[in-house]
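Everything on this sheet refers to the single structure shown next.
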Amino acid sequence: MAKILKTKMVPVPSKSIVPERDIDKKPVLECHNLGIDFGGLRAVDSFDLTIGATEIAGLIGPNGAGKTTVFNLLTKVYQPTRGTILLNGVDTAGKNTVQINKMGIARTFQNIRLFNNLTVEDNVKIGLHNSVRYTTASGILRLPSFWKKEKYAHERAMELLSIFDMQNLGNWKAGSLPYGAQRRLEIVRALATNPSLLLLDEPAAGMNPAETADLMETIVKIRDMFGIAILLIEHDMNLVMGICEGICVLNFGKVIAKGTAEEIQNNPTVIEAYLGKGQVQ
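Numbering-wise (this note's numbering), the sequence shown opens with residue 264 and increments by one.
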């Protein structure tokens, strides 16, 4: 596997850190005092996070720490009980999941969610809804404008599938793909919505070491090709430490550490959260 280069992290006025290349750009995501309660349970509390415009960031923590809940807050599957989420500097308060996607957040899921009975190409085309639109009349009557947009959708879908060398699988049923290919298709569909922030929920789950290594290189390729930020939840620490520039660690719904991979690896509080007090030297 080729060596993946990561940019130096530097402080910004909010006391967060972003990649040095993003210092002159508005952060893609700023969370301030974000939290949600379920009845008397504080599932996430006082969550603060800043992500640079082209940063690959990691959100890690033990099982049950609240990581997927944070993704659900960012995408408005859950409405926050308190706090602020700024996307490219715009407050997302009151927005629903569809509006958030149009504003620039796309995601994949822990459990793959594809349209299994549709083709691979059609799954990607569904993700193009933000950029390919035509009227009901043009669709029913098959007007020239409809065919023009259908041609664009086909070409764009094939272009996106080629990122994972899947362009030859366009006519396959999504449900017939091997597990790893289904994972990759879900990422492609998310990219089709033209996000500025891509959320990946355990993208390496079920992948073997070779597939994971390829995925690492592809995530960096996606960041560079699309000029977007990526926030991923992942339990594979080789992947996290190999490509993430900034890492946020959750435990029991609270941030216990933020920093670079090297800082997180050597943080006693993080080691304790994962391994227990007896393992901290």
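We put the CB at the ideal spot given by N, CA and C, even for glycine.
Got a sec? Which residues, its chain only, sit under 8 angstroms from residue i by beta carbon, not counting five neighbours each side?
i      : result
LYS358 : LYS339 and MET366
THR332 : ILE299, ALA306, VAL307, TYR341 and GLY516
Secondary structure at residue i, three-state DSSP: helix, strand or coil?
i      : result
VAL273 : strand
THR313 : strand
ASN326 : coil
GLY390 : helix
LEU495 : strand
ARG486 : helix
LEU268 : coil
ILE319 : strand
ASP464 : strand
GLY505 : helix
ALA400 : Its pLDDT being 47, under 50, ALA400 is placed unreliably by the model, and nothing is read from it.
GLY433 : coil
ALA306 : strand
GLY247 : No statement about residue 247 is possible, as the shown extent of the chain runs from 264 to 544 and does not include it.
PRO282 : strand
VAL333 : helix
THR382 : strand
Taking residue i and residue j to be in contact with their CB atoms under 8 angstroms, please state how far apart those CB atoms are, rounded to whole angstroms.
i      : j      : result
GLY324 : ALA536 : 7 angstroms
ILE506 : VAL512 : That belief does not hold up - the Cβ atoms of ILE506 and VAL512 are roughly 16 angstroms apart, past 8 angstroms.
Can you name, in chain order, every residue of its own chain whose Cβ lies under 6 angstroms from the Cβ of residue i, other than the five neighbours on each side?
i      : result
ASN364 : THR456
ALA400 : The predicted position of ALA400 is uncertain, since its pLDDT is 47 and thus under 50; a value taken from the coordinates is nonetheless stated next. No residues qualify anywhere along the chain.
ASN296 : SER309 and GLY346
How many angstroms separate the CA atom of residue i from the CA atom of residue j?
i      : j      : result
ARG446 : GLU508 : 23 angstroms
ASP487 : GLY390 : 20 angstroms
VAL353 : LEU462 : 18 angstroms
ASP308 : GLY298 : 4 angstroms
THR344 : LEU454 : 29 angstroms
ASP477 : ALA320 : 18 angstroms
THR270 : VAL483 : 12 angstroms
ILE517 : ASN434 : Before going on, a small fix: residue 517 reads as Lys here, not Ile. Rounded to whole angstroms, LYS517 to ASN434 spans 45 angstroms at the Cα level.
MET421 : VAL533 : 42 angstroms
GLY438 : ILE496 : 24 angstroms
ALA444 : LYS288 : 34 angstroms
PRO282 : ALA492 : 11 angstroms
ILE348 : VAL503 : 24 angstroms
HIS417 : ASP385 : 9 angstroms
ILE286 : GLN430 : 36 angstroms
Could you give the residue range of the beta strand (DSSP E) that holds residue i?
i      : result
PHE301 : 292 to 301
GLY346 : 345 to 350
ARG370 : 368 to 370
Need the endpoints of the alpha helix (DSSP H) that residue i sits in, please.
i      : result
ARG447 : 442 to 455
ILE527 : 524 to 528
CB-CB under 7 angstroms to residue i, same chain, minus the five flanking residues each way: which ones, in chain order?
i      : result
GLY541 : Confidence in GLY541 is poor, its pLDDT being 46 and thus under 50, which makes the residue's placement too unreliable to answer from.
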